[in-house]
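Structure first, commentary second.
Protein chains in written order, with the working numbering: chain Z, 2 to 106; chain W, 2 to 106.
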């Protein structure tokens, strides 16, 4: 769902990916990584959608939090598996969210 | 597809949305807005995926470019239509992309 983040500034990681035909293990690992990320101290929220292209945006309080997540052991194992099995291509963008606004009916 | 952006820094707009049951006119307007954005002078690229949640990320060279796009007449009309007909909720996040890296098989 739409992430209920705190006031800017905060950080976002935009992860955009194209998948191989290998699906085995992907959903389980993806859910496991989201649960693991939620346990990290300054992880805020995550948003995800996928058609041919997959987009996952996770929100974090600081660059330090992002670095710690990058070096988390289980996450590193998952990333290796992603490179070997699940992704043909991906791009990671580290962003400083400077401003946000919303609309709700 | 995955956007082939230039080297950071550049800007991203993360647009996350939940839709109403009204679909009439949406796809046509969405395509038309993407084409219009591509005609703007410092628009870089766009990425989009949608399940229940829709995520569209567009990339721009500067905040000035984003402001000009926000005030573009046709885009303003589309945004009003979005609020009245197509979206129950959305969030817009303006981000400075500080770093990026990718992987390709």
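Using N, Cα and C, we set each Cβ at its ideal position, and we do this for glycine too.
Check whether residue i and residue j have beta carbons under 9 Å apart
i	j	result
residue 56 (chain W)	residue 56 (chain Z)	yes
residue 19 (chain W)	residue 91 (chain W)	yes
residue 50 (chain Z)	residue 54 (chain W)	yes
residue 87 (chain Z)	residue 27 (chain Z)	yes
residue 22 (chain W)	residue 52 (chain Z)	no
Inter-residue CB distance, residue i and residue j (contact presumed, cutoff 8 Å)
i	j	result
residue 67 (chain W)	residue 35 (chain W)	16 Å between Cβ atoms; not a contact.
residue 32 (chain Z)	residue 47 (chain Z)	Incorrect: roughly 11 Å between the Cβ atoms, too far for contact.
residue 62 (chain W)	residue 45 (chain W)	6 Å
Cβ neighbours of residue i in the same chain (closer than 7 Å, five flanking residues each side left out)
i	result
residue 9 (chain Z)	98, 99, 100 and 101
residue 43 (chain Z)	61, 62, 63 and 66
residue 76 (chain Z)	34, 37 and 70
residue 30 (chain Z)	79 and 82
residue 24 (chain Z)	none
residue 93 (chain Z)	14 and 16
residue 7 (chain W)	45
Residue environment, residue i, which counts as buried when at least 16 other CB atoms sit within 10 Å
i	result
residue 78 (chain W)	exposed
6 Å Cβ shell around residue i - same chain, five flanking residues per side excluded
i	result
residue 41 (chain W)	70
residue 89 (chain W)	19 and 21
Nonlocal neighbours in the same chain, by C-beta distance under 8 Å from residue i, ignoring five residues either side
i	result
residue 5 (chain W)	46
residue 3 (chain Z)	48 and 103
residue 73 (chain Z)	37 and 41
residue 84 (chain Z)	none
At 4 residues or longer, what runs of the alpha helix (DSSP H) sit wholly inside the stretch 15-93 of chain Z?
27-40, 64-71 and 74-82
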